[in-house]
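Step one of this worksheet: look at the structure below.
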Amino acid sequence: MPEHIESICAESAPPPCSIVIFGASGDLASRKLFPALFRLFERDLLPEKFLFIGFARTEMTAEAFRDRIMAALKLAGINAPRKFMDFFLSSVEYVNGAYDSPESYKKIEVLLAKFEEGVNSAGRLFYFSTPPNLFSQILKLLESENLVREDYDGIPWRRVVVEKPFGRDLESANELERELGITLKERQIYRIDHYLGKETIQNILMLRFANSVFEPIWNNRFIESVQITAAETVGIEHRAGYFEKTGLLRDMFQNHMLQLLSLVAMEPPSSFDADRIRDEKAKLLNSLRPFPTNPSSLSNLIVRAQYGKGMLEGRKTPAYAEENGVAENSMTETYVAAKFHVDNWRWNGTHFYVRSGKRLAKRISEVAIKFRRIPHSIFGNLNSYNISQNELVLTIQPDEGFSMKINAKKPGSKFCMGGVEMDFKYSDLGGPGADAYERLLIDCMLGDGTLFIRKDSIELSWALLDPVLKIWENPENLKSNPIFLYEAGSEGPVESSIVFGTNSDSWRKLKV
Ligand SMILES: NC(=O)c1ccc[n+]([C@@H]2O[C@H](COP(=O)([O-])OP(=O)(O)OC[C@H]3O[C@@H](n4cnc5c(N)ncnc54)[C@H](OP(=O)(O)O)[C@@H]3O)[C@@H](O)[C@H]2O)c1
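When we follow the numbering used here, the leftmost residue of the sequence shown carries the number 4, and every step to the right adds one.
Here it is in structure tokens:
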């Protein structure tokens, strides 16, 4: 590989900085953030000097917090030598207190100031890993206690990582943005959607814009349809409280699915700069045709459903309504399938189908691009309708990679045609690569916002989905927009094919 390309690929540790995690006693911190930080440390990708402070109401000593981190690392399958773990833990502190008490923030400031005294610290990262209703409280005190204020040139930097959900509709998202905007400049806000940190999502950009073969055919002339799927076999696990109030449309579509759609369909950005990419994503979201506000027209374009009882991996699984913490007559959807229209020159006439659901037959996330039929067949009795359409499938998880389905001559004396798949597994390149949280945490420390969501994208996604939520949440519309039932472990509700209308499309099989 040429030297200048290798230098782009070289991973480097950020300069000294501190990280404060609010809600450090919680699920996300234990399952994702501690392991990600430790793995970065293992790979020499944490700053040479860093301070990591956990903050929460739970009373415990710094020592007990370090033990908690050790336990979380073990659970994540990390078994590093004790001496090495101790080295990592020597940079860890814990502060307990109330989120609304200035005293708590004074304690944090003392630790930060002590660390910064001895090193040339580049900045402070505040990670909001609490329920969203605490964000504005934490922000107010960070501001009043002067922990987060940045000079006009942003040196040293002060950054805030905000976890999804980014509001629950357009109004609450705007309110959250207003609160963030009072204290912070846009460059200080890192809205995280861990999905975007996955290597294969980033590979969509490489595939599209580092190869000359795809871009000329990446349009309505050559592509008949795009199917985006994010299917899970798990149900709601222990998150009934959260999911009951959220539902799948908010949980998956507002962020992951629309972000994925915009990466697949956006125009080429002028550079790999964070804002140039985010400009194009926002332009694409702006080109999505609004859903109809008339309930009966809406029901042809978007379908909701809930899982019933079923069998998964040889085990009986309960219906959603029987899960702990779920109301018996819950109207929360666990599956959504929708058709989107991209109203621009590139895509007019190409169908975009998007679906996501829980407790389905297989865990898989993929983007399947189906090319148009050949215009004319020269193969005797085979007319173009008998010849399979080419398909490019980008698999995001598991088995990350992509495959291209093409037609070829079967070996033998006869002139027979067969489908072959050219398969590329990301792991062949030496994968699996960094976990999404590792990648995103290091990007925050380095100030690279490419994989984070900008304010305009959040607004545009909610503006698109708000009318759907309004119709769905009105019980009077249950007749025109029912919640269908599907068996756990199945391909999803049969009614999901409503979105194809009169087209001869069908959903790709999850389990082949
Ligand atoms: N867990 C995930 O997989 C996941 C995935 C994507 C996004 N997120 C988002 O990440 C954030 C953190 O998620 P999480 O699952 O870690 O949340 P969590 O476990 O419910 O909460 C994190 C911590 O916040 C504090 N807390 C919880 N409820 C509180 C309340 N009502 N008042 C004051 N403090 C409270 C608790 O610590 P103390 O009581 O000790 O202060 C708790 O340990 C949330 O915004 C969530 O939506 C989570």
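Quick reminder that beta carbons are idealized off the backbone N, C-alpha and C, glycines included.
Limits of the unbroken alpha helix (DSSP H) element including residue i
{"i": "Gly184", "result": "Leu173 to Thr186"}
{"i": "Leu43", "result": "Phe37 to Glu45"}
{"i": "Trp510", "result": "Unbroken run through Trp510: none, as it is neither H nor E."}
{"i": "Lys248", "result": "Ala243 to Leu251"}
{"i": "Tyr356", "result": "Unbroken run through Tyr356 is the beta strand (DSSP E), His354 to Gly360; no alpha helix (DSSP H)."}
{"i": "Trp350", "result": "No alpha helix (DSSP H) holds Trp350; DSSP gives it neither H nor E."}
{"i": "Arg279", "result": "Ala277 to Ser290"}
{"i": "Phe138", "result": "Phe138 to Ser147"}
{"i": "Ile2", "result": "Nothing about residue 2 can be read from this structure; the chain reaches only from 4 to 515."}
Burial state of residue i (16 or more Cβ within 10 Å)
{"i": "Pro378", "result": "exposed"}
{"i": "Cys419", "result": "exposed"}
{"i": "Val237", "result": "exposed"}
{"i": "Asp438", "result": "buried"}
{"i": "Met269", "result": "buried"}
{"i": "Leu432", "result": "exposed"}
{"i": "Met88", "result": "buried"}
{"i": "Tyr338", "result": "buried"}
{"i": "Arg69", "result": "buried"}
{"i": "Met255", "result": "buried"}
{"i": "Gly360", "result": "buried"}
{"i": "Lys2", "result": "The requested residue 2 does not occur in the structure, where the chain is confined to residues 4 to 515."}
{"i": "Met314", "result": "exposed"}
{"i": "Asn206", "result": "buried"}
{"i": "Val370", "result": "buried"}
{"i": "Asp446", "result": "buried"}
{"i": "Arg442", "result": "buried"}
{"i": "Met448", "result": "buried"}
{"i": "Glu476", "result": "exposed"}
{"i": "Tyr489", "result": "buried"}
{"i": "Thr296", "result": "exposed"}
{"i": "Arg358", "result": "buried"}
{"i": "Ser147", "result": "exposed"}
{"i": "Glu189", "result": "exposed"}
{"i": "Asn214", "result": "exposed"}
{"i": "Ile381", "result": "exposed"}
Extent of the continuous beta strand (DSSP E) to which residue i belongs
{"i": "Asn303", "result": "Here Asn303 belongs to no beta strand (DSSP E), and DSSP marks it neither H nor E."}
{"i": "Arg318", "result": "Arg318 to Thr320"}
{"i": "Gln257", "result": "Here Gln257 belongs to no beta strand (DSSP E), and DSSP marks it neither H nor E."}
{"i": "Val339", "result": "Tyr338 to Phe343"}
{"i": "Ala521", "result": "Look at the range of the chain in this structure, 4 to 515, and you will see that residue 521 is not part of it."}
{"i": "Leu395", "result": "Glu394 to Gln400"}
{"i": "Ser368", "result": "Ile367 to Phe374"}
{"i": "Ser21", "result": "Cys20 to Phe25"}
{"i": "Glu14", "result": "Here Glu14 belongs to no beta strand (DSSP E), and DSSP marks it neither H nor E."}
{"i": "Arg162", "result": "Trp160 to Glu166"}
Quiz prompt | Ordered list of beta strand (DSSP E) runs contained in the stretch 406-446, each at least 3 residues | solution = 420-428
Quiz item: Contact between the stretch 171-185 and the stretch 104-112: three or more CB pairs below 8 Å?
Solution: No: the two stretches stay apart, fewer than three of their Cβ pairs being nearer than 8 Å.
Quiz item: What are the uninterrupted segments assigned as beta strand (DSSP E) that are 3 or more residues long and contained completely in the stretch 195-239, given in chain order?
Solution: 226-234
Self-check item: Sufficient close CB pairs (3 or more, under 8 Å) joining the stretch 477-484 to the stretch 339-348
Solution: Using a Cβ-Cβ distance cut-off of 8 Å, the stretch 477-484 and the stretch 339-348 are not in contact, since fewer than three pairs of beta carbons, one from each stretch, lie closer than that value.
Quiz item: Would you call the stretch 27-39 and the stretch 61-78 touching, i.e. three or more CB-CB distances under 8 Å?
Solution: Under the Cβ criterion (8 Å, minimum of three pairs), the stretch 27-39 counts as touching the stretch 61-78.
Exercise. Just list the alpha helix (DSSP H) runs in the stretch 54-130, keeping only unbroken ones of 4 residues or longer that don't cross its boundaries, in chain order.
Key: The alpha helix (DSSP H) runs lying completely inside the stretch 54-130 and spanning 4 residues or more are 65-78, 85-92 and 105-121, given in chain order.
Quiz item: Would the stretch 323-343 and the stretch 237-247 be scored as touching if the rule is three or more Cβ pairs under 8 Å?
Solution: yes
Quiz item: Given 8 Å as the limit, is there contact between the stretch 187-198 and the stretch 447-456, that is, 3 or more CB pairs closer than that?
Solution: yes
Exercise. Spell out a yes or no on whether the stretch 83-98 and the stretch 135-155 are touching, meaning 3 or more CB-CB pairs, one atom from each, closer than 8 Å.
Key: no
Quiz item: Are the stretch 124-132 and the stretch 141-161 touching, with three or more C-beta to C-beta distances below 8 Å?
Solution: With a cut-off of 8 Å, the stretch 141-161 and the stretch 124-132 count as touching, because enough Cβ pairs lie within range.
Quiz prompt | contact_flag[the stretch 219-229, the stretch 284-292] where n(CB pairs < 8 Å) is 3 or more | solution = The stretch 219-229 makes no contact with the stretch 284-292: fewer than 3 CB pairs, one atom from each, lie closer than 8 Å.
Practice problem: Specify whether the stretch 496-505 and the stretch 372-386 touch according to this definition: at least 3 beta carbon pairs, one from each stretch, less than 8 Å apart. | Solution: no
Quiz item: Three or more beta-carbon pairs under 8 Å between the stretch 457-466 and the stretch 69-79, yes or no?
Solution: no
Quiz item: Touching or not, the stretch 266-280 and the stretch 301-312, by the rule of three or more beta carbon pairs under 8 Å?
Solution: no
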